[in-house]
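**Student:**
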Amino acid sequence: MHDRSCSFSRHAFAADTVIARSSYGKWRGVADYAFTASHYLYPYQLTQTDPASAVAANTRIKAAGLVNFRLALSEIQLGAHASGEAALWVRNATDKKHVSNQIDFGPAFGNLT
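Here this note's numbering is used: the first residue of the sequence shown is 1163, the next is one more, and so on.
#1: How long is the line joining the alpha carbons of Met1163 and Ser1184, rounded to whole angstroms?
#2: With DSSP run on the structure shown, which of helix, strand or coil describes Ala1151?
#3: Name the two residues that bound the continuous beta strand (DSSP E) containing His1173.
#4: Please report the straight-line C-alpha distance between Asp1266 and Ser1245, rounded to a whole angstrom.
#5: In the DSSP assignment, the beta strand (DSSP E) including Ala1196 goes from what residue to what residue?
#6: For Ala1193, which of Lys1259, His1260, Asn1263, Leu1250 has the nearest alpha-carbon?
#7: Among residues of its own chain, excluding the 5 on either side of Thr1221, which ones have a beta-carbon nearer than 8 angstroms to its beta-carbon?
So, in structure tokens, the structure goes:
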């Protein structure tokens, strides 16, 4: 029997494009979206049947989607035989507040997470 209490799905989508070319190099833009479905961190009992054992609901992580952006100037000439890249990243552009992990102390500490 498969224990589904810890299974979850992740999906990611990205778009990468050349915005412009200039005498300095190539301007590139990247946008990506990453989604993680809600899931339980530990394979505990889903409904409490044993009060001495931990409950999965105490370790449930809510679903979340995060958006990131990147702007880069690539192919910058750094002399006759070298080139470089400079980039700016915006991580979590929508400033989404999200708990992605936690410590479960279990029933000995009142299922404190």
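Yeah, the Cβ is synthetic: ideal placement off N, Cα and C, and Gly gets one too.
Model, not experiment: these values are computed from the prediction.
**Tutor:** So, to answer that:
#1: Counted from its first residue, the sequence shown places residue 1163 at position 1. Counted from its first residue, the sequence shown places residue 1184 at position 22. Because the pLDDT of Met1163 is 40, which lies under 50, any placement of that residue in the model is unreliable, and the question is left without a value.
#2: Residue 1151 lies beyond the residue range present for the chain, which begins at 1163 and ends at 1275; the question has no answer from this structure.
#3: As a position in the sequence shown, residue 1173 is number 11, starting the count at 1. 1172 to 1183 is the extent of the beta strand (DSSP E) around His1173.
#4: Within the sequence shown, numbered from 1, the residue matching residue 1266 stands at position 104. Within the sequence shown, numbered from 1, the residue matching residue 1245 stands at position 83. Near 48 angstroms, if we compare the C-alpha coordinates of Ser1245 and Asp1266.
#5: Taking the first residue of the sequence shown as 1, we reach residue 1196 at position 34. It spans 1188 to 1198 - the beta strand (DSSP E) in which Ala1196 sits, taken as one unbroken run.
#6: Counting from one through the sequence shown, the residue named residue 1193 turns up at place 31. It is Leu1250 whose Cα lies nearest to the Cα of Ala1193.
#7: What you label residue 1221 is simply residue 59 of the sequence shown in a count that begins at 1. Once the five neighbours on either side are set aside, the close Cβ partners of Thr1221 are Tyr1202, Leu1203, Tyr1204, Tyr1206, Gln1264, Asp1266, Thr1275.
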